[in-house]
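Beneath this line is the structure, given in structure tokens, with notes to follow.
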Amino acid sequence: MRSFTYERASSPAEAAAAAMRTEGARFIAGGTNLLDLMKLEIETPTHLIDVNGLALDKIETTTEGGLRIGALVRNTDLAADERVRRDYGLLSRALLAGASGQLRNKATTAGNLLQRTRCPYFYDTNQPCNKRQPGSGCAAIGGFTRPLAVIGTSDACIATHPSDMAVAMRALDATVETVRSDGTVRGIPIAEFHRLPGDTPHIETTLVPGELITAVTLPKPVGGKHIYRKVRDRASYAFALVSVGAIVQRDGTGRVALGGVAHRPWRVEAADAEMPRGAKAVAERLLAGARPTDENAFKLPLVERTLGAVLAEAKG
Amino acid sequence: MRFDTPATTNPIDQLKIVGKPVDRIDGPLKTTGTAPYAYERHDVVPNQAYGYVVGSAIAKGRIASIDLSTAQRAPGFLAIVTADNAGRLGRGRFNTARLLGGPDIEHYHQAIALVVAETFEQARAAAQLVRVDYVRTDGMFDLAAAKDSWTPAAGLGAPADPGVGDFAGAFPTAPIQLDAAYTTPDHSHAMMEPHASIAAWEGDSLTVWTSNQMINWTVGDLAQTLGIAREKVRLISPFIGGGFGGKLFLRADALLAALGARAARRPVKVALPRPLMANNTTHRPATIQRIRIGATRDGKITAIGHESWSGDLPGGGPENAVQQTRLLYAGANRMTATRLAILDLPEGNAMRAPGEAPGLMALEIAMDEMAEKLGLDPIEFRVRNDTQVDPENPGRPFSQRQLIECLRTGAERFGWNKRNAQPGRLRDGRWLTGMGVAAGLRNNLLTTSAARVRLDHRGVVTVETDMTDIGTGSYTIIAQTAAEMMGVPLDKVVVRLGDSSFPVSAGSGGQWGANNSTAGVYAACVKLREAVAQKLGFNSADAVFGDGQVRSGNRTVSLAEAAGESGLVAEDAIEYGDLGKQYQQSTFVAHFVEVGVDVATGETHIRRMLAVCAAGRILNPKSARSQVIGAMTMGVGAALMEQLAVDKRRGFFVNHDLAGYEVPVHADIPHQEVIFLDETDPISSPMKAKGVGELGLCGVGAAVANAIYNATGIRVRDYPITLDKLLAGLPEA
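Respectively, the protein sequence lines represent chains Z and X.
Per this note's numbering, residue 46 is the first one in the first sequence, and the count goes up by one each step.
Per this note's numbering, residue 134 is the first one in the second sequence, and the count goes up by one each step.
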């Protein structure tokens with residue numbers, strides 16, 4: 046870990062301004078990912094801006110009938126919130142499928158969206174990695190790829206986004222609210238928030254430098270059955286091989302997003318339209334253009350089969 | 134004490150304390166966080182500095198240049214150790230690769246430097262400033278590709294290609310035949326406590342507080358590597374947070390702490406960071422195995438052959454995966470062969486039940502497959518091929534062998550009769566369900582073990598031996614042994630372990646610790662009893678020790694009084710004669726597993742597990758059960774998820790932390806039941822005990838694999854049985 050300076054921000058706008066003032070500054074909230082990465086010198090911030098005191102830890106009902114979730118709401122609290130459990134069961138279930146109780150107590154809503162990949166080559170600083178060190182190459186391609194992405198990949202990167210929560214947020218059409226260093230605020234639709242790797246896998250979101258997430262808002266509840274199915278090699282405390290987050294209405298329509306398959310939570314609106322026709326049709330649309338490796342090609346049939354199980358559960 | 138005739142009745146047979154499920158005497162220390170583990174021993178020596186290990190970034194080649202200048206200017210920097218400045222180093226008897234590499238690199242994450250600084254954080258930061266230029270050379274990292282360049286290799290004490298009869302003639306003519314290949318991957322010990330040591334020099338004498346299973350081996354190898362007399366080395370390792378064979382030997386933490394302390398001229402502590410452990414330390418090597426079994430139509434094995442290929446660095450050894458096949462089943466024509474290829478991956482070495490663990494993962498699937506070909510129940514097939522003698526040497530009986538009883542008892546208890554012999558037929562909601570069985574064998578190894586016992590004026594018995602407790606319960610069974618022998622309650626016994634200034638014990642490994650170390654304590658206690666009797670003028674043969682007193686005729690004297698102010702001390706060792714040659718001494722288990730396989734996703738959940746063990750006298754049913762359920766859990770890991778992923782281009786284990794190398798979590802493990810058959814083995818030692826710590830792992834993986842087959846009809850012969858290997862064979866969801 047490199048030495049760094051530290052400050053506590055006094056307001057969201059001030060935090061964003063502070064981030065612009067110091068090159069190499071990073072925000073820190075729960076720190077469950079950032080601190081580990083700093084110990085390994087995968088992240089080497091020169092300055093940390095602690096945002097924990099910013100009172101962004103409330104869950105409020107919006108005037109549109111949705112929810113506004115403060116950036117600092119802990120994963121445990123979000124999963125346990127009565128409104129979330131009642132109206133956005135997908136989100137609660139996805140949260141509880143992730144990490145461990147201890148980590149969820151500490152991890153925040155914004156931090157969860159911003160967590161970095163778990164590609165093992167990203168974690169080993171002896172190996173080239175375009176995400177860690179732009180232009181150095183990708184050691185994962187041609188190596189151990191079983192857990193890695195099958196769609197939306199590039200020749201520069203085949204990492205996945207590890208979040209469960211983000212899959213639910215994608216299916217729920219969340220909006221990420223931010224403040225920029227000049228004090229202006231905006232809402233970024235979740236569909237536009239995470240980027241595909243392309244030639245710049247180190248740039249993972251559409252946030253601009255210094256921009257701070259203040260909240261994530263959910264539109265008013267859409268009803269339906271909310272199912273999150275995470276498939277993994279052990280029953281708990283493991284990242285998804287694939288996960289399926291689905292909201293299924295009584296008439297068989299609905300929406301679906303995937304985890305564990307791409308550089309961002311994966312949703313294809315055209316695939317949603319196929320839901321009444323069943324898993325095969327949906328999976329074909331979702332995974333059109335997939336470029337799996339020999340080691341992770343199993344994720345394609347696994348998505349279809351898991352989706353089939355989810356749709357059957359929704360009916361039953 | 135020489136043990137060369139079968140044990141007769143002795144004070145242990147009273148079973149007032151031995152054989153009882155008493156709590157661990159070290160339990161309160163552990164549950165209150167006050168058991169002193171190596172890295173936390175801040176109190177033992179002042180002014181400790183911190184060392185951080187730099188591991189090689191390449192798998193094979195050499196260091197062209199190394200630039201320490203930036204690291205040397207880092208805050209808190211004290212010293213740096215590299216092969217350039219460490220002086221001439223030897224290599225330990227039990228090490229294959231050097232523990233401090235450079236300029237030549239033998240494997241990935243081989244230590245190439247230790248940076249010492251005032252704080253841990255400073256040492257870590259400075260270590261990351263060491264700049265190294267490497268010249269890579271090509272290496273061989275793929276066992277399947279290296280397989281054909283094998284050489285014959287002998288396992289521990291075994292000939293390279295043992296066999297009897299005419300396998301080559303008998304197999305092809307057998308009416309029913311199986312010829313199948315199986316693979317097991319590299320496994321990491323993944324114990325909770327990383328390797329850790331604190332080293333301090335006083336003049337030319339070295340003390341190392343460490344975490345090590347085999348004190349005497351490691352004292353020798355540390356002295357040999359440093360080129361100093363072994364008398365100058367003291368090792369202290371009273372508590373060990375798991376080892377599984379990964380801490381049998383001198384490793385980089387202890388050597389580099391010693392070198393760092395010498396360079397920094399103050400005590401230095403070193404722990405291996407988790408991401409370094411998979412590649413810096415040892416691992417269980419991957420195997421490729423071929424098994425051929427021929428049988429008559431009524432299920433009698435006529436030919437059995439087992440070959441195993443594994444790889445290791447030059448000078449290393451094989452994974453002896455065929456050992457159990459020489460002993461487990463009858464059959465007149467037998468061949469086994471162990472093949473070793475050169476691989477430039479990190480050093481392969483022992484991990485819990487070395488040989489048997491991967492060997493039985495293959496053999497016991499083969500037995501299940503053969504039973505199916507024969508149309509026999511897999512238990513019945515095993516029963517028909519039981520043997521009470523060493524099949525290679527029929528004049529040599531097993532000292533005890535209750536494998537059939539293990540199988541039959543387990544079948545009864547588990548409800549085996551509810552298993553559907555037709556695979557893939559039972560469904561419980563989303564789950565395809567099935568049952569599997571496997572047998573296991575692990576040998577009882579005999580080795581000299583010494584102890585010293587003191588009796589003081591309070592009547593307290595203190596045992597000292599360099600035996601280790603790696604979480605197994607050694608403290609407790611040794612205390613039970615001394616209490617039984619001396620006729621005192623457990624709270625009058627103090628046990629001191631893991632110090633090289635104590636008499637040399639068997640140490641912890643190969644499940645030999647329990648029987649040998651307690652037998653050594655037994656021997657010392659016999660001597661102490663004689664000393665007590667002699668001091669009191671009693672005839673030691675009719676002196677009775679009980680209730681803290683010794684009685685002879687109508688005279689009764691308390692042990693406190695007998696000891697007097699100066700106390701009494703005795704030391705002895707158990708030493709074994711030829712009984713191990715005359716008899717085959719082994720332990721046996723039958724494992725039963727019920728699984729559910731998700732019909733859509735192929736995820737396997739273990740629903741029930743049962744192990745029935747026959748392993749001699751069980752010294753403490755509670756700690757023995759803990760050993761077996763821990764081993765069953767490890768077996769589930771090997772069956773379903775554990776695998777060091779090899780990058781065959783870059784030559785290293787990629788998933789080198791506990792996020793990537795998955796071991797079972799609580800949610801993976803159901804209720805586990807363990808039954809110990811009532812058994813004593815007077816051939817094994819005066820304790821009449823054997824061991825269970827590795828037996829519990831033997832066969833578990835195959836029982837899981839066989840249950841998955843029974844549930845799905847899909848036979849997977851390549852471990853781990855992850856869902857991707859099942860998907861194509863599962864029915865439409």
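Heads up, the beta-carbon is just placed ideally off N, CA and C, and yes, glycines get one too.
Given residue i, which residues of its chain have a CB within under 6 Å of its CB, disregarding the five upstream and five downstream residues?
i                 : result
Arg684 of chain X : Val677
Arg437 of chain Z : The question about residue 437 of chain Z has no answer, for chain Z in this structure spans 46 to 361.
Gln717 of chain X : Asp523, Arg529 and Phe531
Ala490 of chain X : Leu830
Val787 of chain X : Ala778 and Asp780
Quick one: is residue i near chain X, going by C-beta distance under 9 Å?
i                 : result
Met46 of chain Z  : yes
Asp169 of chain Z : yes
Gly188 of chain Z : yes
Pro90 of chain Z  : no
Gly76 of chain Z  : no
Gly353 of chain Z : yes
Phe72 of chain Z  : no
Lys84 of chain Z  : yes
How about residue i: is its C-beta nearer than 9 Å to some C-beta of chain Z?
i                 : result
Asp354 of chain X : no
Glu505 of chain X : no
Ala230 of chain X : no
Arg591 of chain X : no
Ala666 of chain X : no
Ile199 of chain X : no
Arg563 of chain X : yes
Ala861 of chain X : yes
Identify, in the order they occur along the chain, each residue of the same chain with its Cβ nearer than 7 Å to the Cβ of residue i, setting aside the five sequence neighbours on each side.
i                 : result
Phe72 of chain Z  : Ala60, Ala64, Ile94, Val96 and Leu257
Ser137 of chain Z : Ala124, Val129 and Arg130
From residue i to residue j, what does the alpha carbon distance come to, in whole angstroms?
i                 : j                 : result
Ile498 of chain X : Met568 of chain X : 13 Å
Pro203 of chain Z : Thr316 of chain X : In the sequence as displayed, the identity of residue 203 of chain Z is Ile instead of Pro. Rounded to the nearest angstrom, the two C-alpha atoms are 28 Å apart.
Asn421 of chain Z : Leu112 of chain Z : Nothing about residue 421 of chain Z can be reported from this structure: the residues present for chain Z run from 46 to 361 only.
Leu355 of chain X : Ile213 of chain X : 19 Å
Pro803 of chain X : Thr766 of chain X : 10 Å
Val289 of chain Z : Arg277 of chain Z : 12 Å
Thr415 of chain X : Asn482 of chain X : 6 Å
Ile150 of chain X : Arg135 of chain X : 25 Å
Trp315 of chain Z : Ala139 of chain Z : A small correction: the amino acid at residue 315 of chain Z is Ala; Trp does not occupy that position in the sequence shown. Roughly 23 Å between the two C-alpha positions.
Ala861 of chain X : Gly846 of chain X : 12 Å
Arg783 of chain X : Ala192 of chain X : 7 Å
Val95 of chain X  : Leu743 of chain X : Because residue 95 of chain X is not part of the residues shown, which for chain X are 134 to 866, the question remains open.
Asp159 of chain X : Ala757 of chain X : 15 Å
Glu727 of chain X : Val570 of chain X : 9 Å
Can you give me the Cβ contacts of residue i inside the same chain, cut-off strictly under 8 Å, excluding the 5 residues immediately before and after it?
i                 : result
Phe721 of chain X : Arg534, Gln535, Leu536, Cys539, Ala572, Gly573, Leu574, Cys746, Ala747, Ala748 and Leu828
Hey, out of the options, whose CA is closest to residue i's CA?
i                 : options                                   : result
Asp851 of chain X : X:Thr420, X:Arg591 and X:Asp632           : X:Thr420
Arg264 of chain X : X:His416, X:Ala246 and X:Thr581           : X:Ala246
Gly620 of chain X : X:Met134, X:Pro139 and X:Pro144           : X:Pro144
Ala260 of chain Z : Z:Gly187, Z:Tyr282, Z:Thr106 and Z:Ala280 : Z:Thr106
Lys270 of chain Z : Z:Gly297, Z:Ala283, Z:Glu249 and Z:Ile233 : Z:Gly297
Ala664 of chain X : X:Gly646, X:Val690, X:Ala695 and X:Gly653 : X:Ala695
Gly770 of chain X : X:Leu623, X:Ile610, X:Arg485 and X:Gly160 : X:Arg485
Pro154 of chain X : X:Ala844, X:Lys858 and X:Ser759           : X:Ser759
Give a single yes or no on whether residue i has its beta carbon closer than 8 Å to a heavy atom of the ligand MN.
i                 : result
Val327 of chain Z : Absence of the ligand MN is noted for the structure shown, with no ligands found whatsoever.
With 9 Å as the C-beta to C-beta threshold (strictly closer), list the residues of the region 249–281 of chain Z near chain X in chain order. Going along the region 249–281 of chain Z in chain order, one finds Arg274, Val276, Arg277, Asp278, Arg279, Ala280 and Ser281 with a Cβ nearer than 9 Å to chain X.
Members of the region 242–272 of chain X that neighbour chain Z once the beta carbon cut-off is set at 9 Å: Of all residues in the region 242–272 of chain X, His242, Glu254, Arg257, Ala258 and Gln261 have a Cβ within less than 9 Å of some Cβ in chain Z.
For the region 318–351 of chain Z, enumerate the residues whose C-beta is nearer than 7 Å to any C-beta of chain X, in chain order. The residues in question are Phe343, Pro346, Leu347, Arg350 and Thr351.
Which residues, in chain order, does the region 764–782 of chain X contribute to contact with chain Z at a C-beta distance below 9 Å? Contact residues of the region 764–782 of chain X toward chain Z are Gly770, Leu773, Met774, Ala778, Val779, Asp780, Lys781 and Arg782 (C-beta to C-beta distance below 9 Å).
Contacting positions in the region 614–648 of chain X - beta carbon closer than 8 Å to chain Z: Per Cβ criterion, the list is empty.
Using a beta-carbon distance cut-off of less than 8 Å, what residues from the region 132–146 of chain Z approach chain X? Taking a C-beta cut-off of 8 Å against chain X, none of the residues of the region 132–146 of chain Z qualify.
If contact means a Cβ-Cβ distance below 9 Å, which residues of the region 833–856 of chain X contact chain Z? Within the region 833–856 of chain X, those residues whose Cβ lies closer than 9 Å to any Cβ of chain Z are, in chain order, Pro853, Thr855 and Leu856.
Determine which residues of the region 222–234 of chain Z have a Cβ less than 9 Å from any Cβ of chain X, and write them out in chain order. In summary, no residue of the region 222–234 of chain Z has a CB separated from any CB of chain X by less than 9 Å.
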